[in-house]
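Notes to accompany the following structure.
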Amino acid sequence: MDIHIKACGQEQAHTLLSIGKETFYDTFAAQNTEKNMNDYLAQAYTIERMEAELAEDDSFFYCMFVDGVLAGYLKVNIGDSQSEPMGEDALEIERIYIRKAFHRQGLGRRLLTYALDLAGRWDKSEVWLGVWEKNEPALVFYERLGFRRIGEHSFYMGEDEQTDYLMAKTLKEET
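The opening residue of the sequence shown carries number 488 in the working numbering; numbering runs sequentially from there.
Dropping the structure here:
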């Protein structure tokens with residue numbers, strides 16, 4: 488299996504949007520009503536929003552190719568682009584999206600490791616992310632890799648208020 492991770496930009500906006508919709512639906516549709524899912528996808532996954540995210544100075548997208556096929560992507564944020572105010576020493580992993588056909592191959596872990604490496608290169612002391620409270624496999628995955636729960640925030644899936652657990656991993660102690 489030949490795996491490459493590289494920065495992606497505006498030229499991949501439509502492809503990233505498609506993968507985002509596909510993976511979000513595949514992951515969360517079974518636990519949500521069709522109406523709430525469709526309302527959320529229509530609001531959260533637009534080409535205008537994707538292009539704006541790609542244009543953010545402190546947001547970075549990385550595409551993962553497996554044997555030349557785009558298998559998924561990683562989105563990380565620093566500074567003011569973080570979805571919660573975690574400070575200049577933190578890096579947020581906003582998305583690790585792997586297409587269903589590429590699941591169970593260790594690719595999510597590989598993108599997570601890539602994000603941790605970025606945080607180290609960028610001299611960040613902490614990496615954090617949000618995980619839906621009902622996504623038990625993801626919660627277990629991140630806990631096994633040293634993330635701990637530090638809080639929570641609400642979001643709306645259509646009309647349904649839901650909770651994300653905020654989880655963080657300390658990379659180096661503050662001096």
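We put the CB at the ideal spot given by N, CA and C, even for glycine.
Cα-Cα separation between residue i and residue j, rounded to whole angstroms
i, j, result
"His640", "Leu616", "11 Å"
"Tyr629", "Ser570", "19 Å"
"Ala588", "Leu528", "21 Å"
"Ser568", "Glu543", "7 Å"
"Tyr512", "Met524", "7 Å"
"Lys611", "Asn564", "12 Å"
"Ala500", "Met551", "15 Å"
Extent of the continuous alpha helix (DSSP H) run through residue i
i, result
"Gln569", "Here Gln569 belongs to no alpha helix (DSSP H), and DSSP marks it neither H nor E."
Beta carbon of residue i nearer than 8 Å to that of residue j
i, j, result
"Gly559", "Ile490", "no"
"Leu541", "Phe548", "yes"
"Arg635", "Ala606", "no"
Cβ distance (whole Å) where residue i is taken to contact residue j below 8 Å
i, j, result
"Gly638", "Leu653", "4 Å"
"Glu581", "Met573", "In fact, because the Cβ distance is near 12 Å, the residues do not count as touching under 8 Å."
"Ile534", "Leu504", "6 Å"
"Lys522", "Gly645", "6 Å"
Residue i at chain C interface by Cβ criterion, 8 Å
i, result
"Gly559", "Given the protein chain composition of this structure (a single chain), no chain C is represented."
Start and end residues, beta strand (DSSP E) containing residue i
i, result
"Gln530", "First-last for Gln530: 521-531, but that is the alpha helix (DSSP H), not the beta strand (DSSP E)."
"Ala577", "577-585"
- Does the segment 593-600 come close enough to the segment 617-624 that 3 or more CB-CB pairs lie under 8 Å? Contact fails: fewer than three Cβ-Cβ distances are below 8 Å.
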